[in-house]
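Student: Dropping a structure here in structure tokens format, bear with me for questions.
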Amino acid sequence: PLVKAENWVEVLLTFDDWHACVAAGWDILDDPDVILKQLAAIQTPAPYCYFVRHRKFLQENSSLLCVLVADRWIESFLALTAGRCVYRSDTASDDDKKRLPHLHHLCWNHTTLRALKIDPEVTYLQLGTRDGDEVNSITDVAKMFPDEIINHVEFTRSQGKARASMLPLLRYHSKLRMDMIVAQLADIGILNWNPHAYTLEEGNHRNPDPSQIALKRENDPKGLLNPGKLIGWDNPDYIYDMKGGYHAPQMQVKPCVP
9 PLVKAENWVE VLLTFDDWHA CVAAGWDILD DPDVILKQLA AIQTPAPYCY
59 FVRHRKFLQE NSSLLCVLVA DRWIESFLAL TAGRCVYRSD TASDDDKKRL
109 PHLHHLCWNH TTLRALKIDP EVTYLQLGTR DGDEVNSITD VAKMFPDEII
159 NHVEFTRSQG KARASMLPLL RYHSKLRMDM IVAQLADIGI LNWNPHAYTL
209 EEGNHRNPDP SQIALKREND PKGLLNPGKL IGWDNPDYIY DMKGGYHAPQ
259 MQVKPCVP
């Protein structure tokens, strides 16, 4: 069904405390009366370091909440929201808005891309949260790896349910260290949909799905499309083991040769 087209206002809110930033985002998301198009929380120091054109609005040690809210809700939204409102697109001057990328270019994988422009040694993970314990799940990551992970959270609604997904920036040292971090997160109920693996099973941390393989055999009997994507195509008995390394030999760690 068609719905009324909204005029969207870009809002940036800063917080001195990461937990407060995440909790505010979750509270906003949980309010069904607020109409949103985008909601993301980005941990310090990423906003000030990587959002160069927005830096004039930001504080160096503050975390950031990026919000795209319908203009008819903006005043009531701000009245109920914690944090410092440092930017509103509906009240910003032309000079302030000059050469600024739109807010959605700060979120999702744009966050990672902006970080990579300045620091090519970072990569990212794709983490879930413990169901019903989303805010603590997110802040636990920051506490466990303060020198290696800068967290980034995308808040969404799906089928009427509030959800939070993490796309944290990771200081890359080695595959071994990255796998250790992923394993430690899994031990506390935070799973990684691995962006560093190209097989479906490893990317989704699961065993082969017989119904999926059967559907592929029906539609692609010779396996011409995306060869190597399904481990279960050639090895239906494969058992996913997060700590066992990558299935594909070319993804294994290779020794450095001087």
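Using the working numbering, you'd call the opening residue of the sequence shown number 9 and step up by one each time.
Where a beta carbon is used, it is the ideal one built from N, C-alpha and C, also for glycine.
Could you name the residues that DSSP lists as bridge partners for residue 200?
Tutor: Locating residue 200 in the sequence shown gives position 192, where the first residue counts as 1. DSSP lists 135 as partners of residue 200.
Student: If you draw a straight line from the alpha carbon of residue 72 to that of residue 248, how long is it in whole angstroms?
Tutor: As a working mapping, residue 72 is identified with position 64 in the sequence shown. As a working mapping, residue 248 is identified with position 240 in the sequence shown. About 37 Å.
Student: Determine which residues share a DSSP beta bridge with residue 174 and list them.
Tutor: Here residue 174 refers to the residue found at position 166 of the sequence shown. DSSP output for residue 174 lists 135, 161 as bridge partner(s).
Student: When the Cα atoms are used, what is the spatial distance from residue 128 to residue 171?
Tutor: Against the sequence shown, residue 128 aligns to sequence position 120. Against the sequence shown, residue 171 aligns to sequence position 163. Going from the Cα of residue 128 to the Cα of residue 171 covers about 30 Å.
Student: Roughly how many whole angstroms lie between the Cα atoms of residue 241 and residue 113?
Tutor: Reading the sequence shown from its first residue, position 233 is the one you call residue 241. Reading the sequence shown from its first residue, position 105 is the one you call residue 113. Roughly 38 Å separates the two Cα atoms.
Student: With DSSP run on the structure shown, which of helix, strand or coil describes residue 108?
Tutor: Locating residue 108 in the sequence shown gives position 100, counting from the first residue. Here residue 108 sits in coil by DSSP.
Student: So for residue 14, helix, strand or coil by DSSP?
Tutor: In the sequence shown, counting from the first residue as 1, residue 14 sits at position 6. Coil.
Student: Can you tell me whether residue 126 is buried or exposed? The criterion is at least 16 other CB atoms within 10 Å of its CB, across all chains shown.
Tutor: The count along the sequence shown starts at 1 and reaches residue 126 at position 118. The residue in question, residue 126, is exposed, as its Cβ has fewer than 16 Cβ neighbours within 10 Å.
Student: Please determine, among 38, 69, 18, the residue with the shortest C-alpha to C-alpha distance to residue 82.
Tutor: Stepping through the sequence shown from its first residue, residue 82 is reached at position 74. Out of 38, 69, 18, 18 has the C-alpha closest to the C-alpha of residue 82.
Student: Between the C-alpha atoms of residue 48 and residue 229, what's the straight-line distance to the nearest angstrom?
Tutor: The sequence position of residue 48 within the sequence shown is 40, counting from 1. The sequence position of residue 229 within the sequence shown is 221, counting from 1. If you take the alpha carbons of residue 48 and residue 229, they lie about 42 Å apart.
Student: Would residue 122 be called buried (16 or more neighbouring beta carbons within 10 Å of its own) or exposed?
Tutor: The count along the sequence shown starts at 1 and reaches residue 122 at position 114. So residue 122 counts as buried.
Student: For residue 13, count neighbouring Cβ atoms within 10 angstroms of its own Cβ and tell me buried if that reaches 16, exposed if not.
Tutor: Here residue 13 is taken as the residue at index 5 of the sequence shown, counted from 1. When all chains shown are included, residue 13 counts as exposed.
Student: Use the C-beta contact count for residue 120: other C-beta atoms within 10 angstroms, 16 or more gives buried, fewer gives exposed.
Tutor: Your numbering for residue 120 matches position 112 in the sequence shown. Its Cβ being crowded by 16 or more others within 10 Å, residue 120 is buried.
Student: Check for me: the beta strand (DSSP E) holding residue 45 runs from which residue to which?
Tutor: Position 37 of the sequence shown, counting from 1, holds the residue named residue 45. Start and end: 44-50.
Student: Alpha carbons only, please: which of 33, 11, 16 is nearest the one belonging to residue 160?
Tutor: Your numbering for residue 160 matches position 152 in the sequence shown. Of 33, 11, 16, the residue nearest in Cα terms is 33.
Student: Checking 8 Å against the spacing of the C-beta atoms, do residue 21 and residue 93 come in under that value?
Tutor: Here residue 21 corresponds to residue number 13 of the sequence shown, with the count starting at 1. Here residue 93 corresponds to residue number 85 of the sequence shown, with the count starting at 1. Taking 8 Å as the Cβ cut-off, residue 21 and residue 93 qualify as a contacting pair.
Student: Starting from the Cα of residue 195, find the closest Cα among 145, 109, 87 and give me that residue.
Tutor: Sequence index remark: in the sequence shown, residue 195 carries index 187 (1-based). When only C-alpha atoms are compared, the closest one is 145.
Student: Kindly indicate which three-state DSSP category residue 24 falls into: helix, strand or coil?
Tutor: For the purposes of this step, residue 24 is taken as residue 16 along the sequence shown, with counting starting at 1. In the structure shown, residue 24 sits in coil (DSSP, three-state: anything other than H, G, I, E or B).
Student: Here's the rule I'm using: 16 or more other beta-carbon atoms within 10 Å means buried, otherwise exposed. How should residue 265 be labelled?
Tutor: Sequence index remark: in the sequence shown, residue 265 carries index 257 (1-based). Reliability fails at residue 265, whose pLDDT of 42 lies under 50, so the model's placement of it is uncertain and no value is given.
Student: Straight-line CA distance for residue 193 to residue 42?
Tutor: Position 185 of the sequence shown, counted from the first residue, corresponds to residue 193. Position 34 of the sequence shown, counted from the first residue, corresponds to residue 42. Whole-angstrom Cα-Cα distance: 32 Å.
Student: What residue range does the alpha helix (DSSP H) around residue 115 cover?
Tutor: To locate residue 115, count along the sequence shown from 1; it is residue 107. Neither: residue 115 is in no alpha helix (DSSP H) and is coded neither H nor E.
Student: If the criterion is Cβ atoms closer than 8 Å, does the pair residue 162 and residue 175 meet it?
Tutor: Within the sequence shown, numbered from 1, the residue matching residue 162 stands at position 154. Within the sequence shown, numbered from 1, the residue matching residue 175 stands at position 167. Cβ atoms of residue 162 and residue 175: closer than 8 Å.
Student: Let me know the secondary structure DSSP gives residue 184 once reduced to three states.
Tutor: As a first step, residue 184 must be located in the sequence shown, where it is residue number 176. Helix at residue 184.
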